[in-house]
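Chemist: Read in order, the letters of the sequence shown are residues 0 to 442 in numbering that gives the first Met the number 0.
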Amino acid sequence: MRITIFGSGYVGLVTGTCLADVGHDVVCVDVDADKIARLNRGEIPIYEPGLDAMIAENRDAGRLRFTTDAEEAVRFGKLQFIAVGTPSDEDGSADLKYVLKVAETIAQYMGEYKVVIDKSTVPVGTADKVRDTLRRTLEARGADIDFDVCSNPEFLKEGAAIEDFSKGARIIVGTDSEAVRKAMRECYAPYNRNHEKLMFMDVRSAELTKYAANAMLATKISFMNEIANLAERLGADIEHVRHGIGSDPRIGYHFIYPGCGYGGSCFPKDVKALAQTATNIGYDAQLLGAVESVNLRQKTRLFEKLNQAFDGDLKGKTIALWGLAFKPNTDDMREAPSRELMEALWDSGARVQAFDPEAAGECRRIYGERDDLVLVDRRDDTLEGADALVICTEWKIFRAIDFDNLRQTLRTPVVVDGRNLFDPEIVKDAGLLYYAIGRGESL
Ligand code: NAD
């Protein structure tokens with residue numbers, strides 16, 4: 000099939016590459032000329048395991064192209080995927096300006112029937128707005144061309160995006176059109192061989208499914224963080240509690256890790272947007288509000304723990320920081336807990352020496368050169384002259400540590416672990432003060 004993808008970010012790039020990899024002909028279009036130039040030079044603008052080789056192979060085979068030429072791109076594909084950003088507006092609702100701009104562009108250049116597919120995460124009712132925009136723009140052109148709009152939300156995770164796209168549990172399509180159903184079956188047939196993954200439903204249910212999924216996952220995290228904070232004050236260990244409840248198949252072990260709060264480009268904005276959707280229709284979504292406020296508080300916990308460990312005097316201290324990305328296997332730092340921590344440390348006069356296997360470049364892009372931030376290339380270089388160590392991201396390389404060496408290198412033996420990576424007994428036996436999340440500490 001001939002497929003056009005608007006937006007070459009995490010979702011657009013992975014979607015386009017994976018669809019090309021199974022044999023479709025794909026054009027990816029983006030307004031960011033620099034990004035497209037880099038892609039055309041064979042550079043990959045994001046870190047996503049396995050993506051570089053897959054892009055190279057499909058570009059070389061002629062099945063995957065990158066362009067800024069929207070007209071050419073619209074004319075190319077029968078399927079027009081919209082995979083542009085939907086950031087939070089001032090009131091927390093999803094800002095649809097990029098999505099509607101793409102709808103306008105498609106209608107401006109289309110010369111024949113197209114299926115327009117919302118892959119971006121968009122609030123219930125967006126397909127109607129996309130349809131209206133297409134209709135109005137076509138009318139203004141005096142063109143009478145048929146089209147369909149459907150919802151096909153994306154569930155991939157950064158860091159495992161290719162695997163998730165190719166082997167995801169479900170492919171949701173919201174439509175009431177038989178023509179769309181047929182086209183989407185054809186598009187996704189290579190992923191639908193082993194068992195039926197395509198779930199067809201009405202458009203509004205498909206749009207809500209994406210928000211419900213992210214809100215449920217965010218709820219699990221905030222729930223565990225709430226219990227962890229209780230455990231801390233009650234002298235219990237959340238890790239025992241986690242195993243205890245996870246063993247119940249009704250609860251399960253997945254996604255019940257306590258930590259320093261969720262970040263990334265999706266959970267914070269999607270929980271907010273769903274809450275705002277509820278507000279807009281006069282419904283008080285109490286649980287969603289609580290999920291968000293628990294998370295905001297949790298993101299301040301690492302700083303509070305450090306601050307207490309140093310009796311409120313962090314001025315002039317050097318803090319070693321492991322992990323900048325909001326989670327492992329990505330370079331994405333959007334709403335990452337590390338940012339909240341670093342900014343609080345800088346406000347109190349401390350310096351940060353940080354290491355992240357992939358996100359140093361992104362960190363430099365966000366914060367620029369500053370005296371109180373040193374980014375190093377090796378994990379243990381962060382420890383030189385550091386007063387304490389804080390762990391923000393559970394990259395594999397942080398999991399096996401020589402604690403005796405850590406004790407000898409740090410100026411004071413303080414370790415704050417936002418991901419509960421270690422056995423507290425082992426860390427303490429090495430003579431370190433260990434402050435984790437919900438592990439019987441009062442700090
Ligand atoms: P992103 O910011 O990485 O990429 C968006 C891209 O769209 C940018 O390259 C931007 O230049 C481009 N763009 C903006 N306007 C354009 C236009 N008019 N024409 C062509 N390109 C344009 O965003 P992302 O992380 O890929 O997210 C895209 C959508 O998918 C969002 O709605 C997000 O919520 C959703 N989503 C993201 C993830 C994730 O893990 N990142 C997962 C599932 C769903």
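Backbone N, C-alpha and C define an ideal beta-carbon position, used for all residues, glycine too.
Determine whether the beta carbon atoms of Ala-353 and Leu-382 lie at a separation below 8 Å.
Modeler: The answer is no: Cβ separation not under 8 Å.
Chemist: Glu-47 and Glu-157 - do their beta-carbons sit closer together than 8 Å?
Modeler: Yes, the Cβ-Cβ distance between Glu-157 and Glu-47 is below 8 Å.
Chemist: Is it right to say Phe-447 is buried, meaning 16 or more other beta carbons lie within 10 angstroms of its own, or is it exposed?
Modeler: Nothing in the structure corresponds to residue 447, since the chain is present only between 0 and 442.
Chemist: Going by C-alpha to C-alpha distance, which of Pro-152, Ile-436, Ser-87 and Arg-378 sits closest to Leu-305?
Modeler: Out of Pro-152, Ile-436, Ser-87 and Arg-378, Ile-436 has the C-alpha closest to the C-alpha of Leu-305.
Chemist: Compare the beta carbon distance of Val-179 and Asp-147 with 8 Å and say whether it is the shorter of the two.
Modeler: Yes, Cβ-Cβ distance for Val-179 and Asp-147 is below 8 Å.
Chemist: Under the three-state reduction of DSSP, which class applies to Cys-186: helix, strand or coil?
Modeler: Three-state result, Cys-186: helix.
Chemist: Any heavy atom of the ligand NAD within a distance shorter than 7 Å of the CB on Asp-88?
Modeler: The answer is no for Asp-88.
Chemist: Among Thr-136, Asp-331 and Phe-302, whose alpha-carbon lies nearest the alpha-carbon of Leu-388?
Modeler: Residue Phe-302 is the option with its Cα nearest to Leu-388.
Chemist: Could you check if Thr-3 belongs to the surroundings of the ligand NAD, using beta carbon to heavy atom distance under 7 Å?
Modeler: Because no heavy atom of the ligand NAD lies under 7 Å away, the Cβ of Thr-3 does not count as near it: no.
Chemist: Nearest by alpha-carbon distance to Gly-49: which of Tyr-9, Ala-72 and Phe-80 is it?
Modeler: Minimum Cα distance to Gly-49 is reached at Tyr-9.
Chemist: Mapping the DSSP letters down to three states, classify Ile-396 as helix, strand or coil.
Modeler: If DSSP states are grouped into helix, strand and coil, Ile-396 belongs with the helices.
Chemist: Compare the Cα-Cα distances from Phe-222 to each of Tyr-261, Val-351, Thr-125 and Met-198 and report the closest residue.
Modeler: Of Tyr-261, Val-351, Thr-125 and Met-198, the residue nearest in Cα terms is Tyr-261.
Chemist: Just to confirm, are Cys-259 and Lys-298 a CB contact at a threshold of 8 Å?
Modeler: In contact: Cys-259 and Lys-298 (Cβ atoms closer than 8 Å).
Chemist: My parser needs the beta strand (DSSP E) runs of 3 or more residues fully inside the region 85 to 142; what are they?
Modeler: 113 to 117, all fully within the region 85 to 142.
Chemist: Three-state secondary structure (DSSP) at Gly-360?
Modeler: Helix at Gly-360.
Chemist: Compute the beta-carbon to beta-carbon distance between Asp-117 and Thr-125, rounded to the nearest angstrom, for a pair I have assumed lies under 8 Å.
Modeler: That belief holds up - the Cβ atoms of Asp-117 and Thr-125 are roughly 6 Å apart, short of 8 Å.
Chemist: What whole-angstrom Cβ distance do Thr-446 and Asp-386 have, given they're in contact under 8 Å?
Modeler: For residue 446 there is no data in the structure shown, the boundaries of the chain being 0 and 442.
Chemist: Just checking my contact of Gly-15 with Val-25 at CB under 8 Å: how many whole Å lie between their CB atoms?
Modeler: The Cβ separation is near 5 Å, so the contact holds.
Chemist: What does DSSP give as the partner residues of Cys-27 in its beta bridges?
Modeler: Ile-4 and Phe-65.
Chemist: Quick check: the region 395 to 402 against the region 271 to 278, are there 3 or more CB pairs under 8 Å?
Modeler: Not touching, per the Cβ criterion.
Chemist: Is DSSP giving Val-179 helix, strand or coil here?
Modeler: Val-179: helix per DSSP, three-state reduction.
Chemist: Report the rounded CA-to-CA distance for Ile-237 versus Glu-70, giving the unit in angstroms.
Modeler: Using only the alpha carbons, I get a separation of about 55 Å.
Chemist: Quick one: is the Cβ of Leu-468 within less than 7 Å of any heavy atom of the ligand NAD?
Modeler: For residue 468 there is no data in the structure shown, the boundaries of the chain being 0 and 442.
Chemist: Which class does Ile-244 belong to by DSSP, given the choice of helix, strand or coil?
Modeler: In the structure shown, Ile-244 sits in a helix (DSSP, three-state: H, G or I).
Chemist: Measure how close the beta-carbons of Arg-406 and Pro-423 come, nearest whole angstrom, since I'm counting them as under 8 Å.
Modeler: Not a contact, Cβ separation roughly 15 Å.
Chemist: Out of Glu-206, Ala-214, Lys-209 and Val-172, point me to the one whose CA is closest to Glu-195's CA.
Modeler: Nearest of Glu-206, Ala-214, Lys-209 and Val-172 to Glu-195, Cα basis: Val-172.
Chemist: For the alpha helix (DSSP H) holding Met-223, just list the boundary residues, first then last.
Modeler: Its alpha helix (DSSP H) spans residues 202 to 233.
Chemist: Using the rule of at least 16 other Cβ atoms within 10 Å of the residue's Cβ for burial, across every protein chain shown, is Val-426 buried or exposed?
Modeler: So Val-426 ends up on the buried side.
Chemist: State buried or exposed for Pro-356, treating a residue as buried only when at least 16 other CB atoms are found within 10 Å of its CB.
Modeler: Answer is buried; the Cβ neighbour count reaches 16.
Chemist: Going by the C-beta, is Ser-92 closer than 7 Å to any heavy atom of the ligand NAD?
Modeler: Incorrect: Ser-92 has no Cβ contact closer than 7 Å to the ligand NAD.
Chemist: DSSP on Gly-288, reduced to helix/strand/coil?
Modeler: Note: Gly-288 maps to helix in three-state DSSP.
Chemist: Residues in its own chain within less than 7 Å of His-309 by CB, not counting five upstream and five downstream?
Modeler: According to the sequence as given, residue 309 is Phe; it is not His. Cβ neighbours of Phe-309 beyond the five flanking positions: Lys-316.
Chemist: How should Arg-241 be labelled, buried or exposed, when 16 other C-beta atoms within 10 angstroms of its C-beta is the threshold for buried?
Modeler: With 16 or more other Cβ atoms within 10 Å, it is buried.
Chemist: Closer than 7 Å: is that where the CB of Leu-155 sits relative to any heavy atom of the ligand NAD?
Modeler: Under cutoff, so the answer is yes.
Chemist: Which of helix, strand or coil does DSSP assign to Asp-331?
Modeler: In the structure shown, Asp-331 sits in coil (DSSP, three-state: anything other than H, G, I, E or B).
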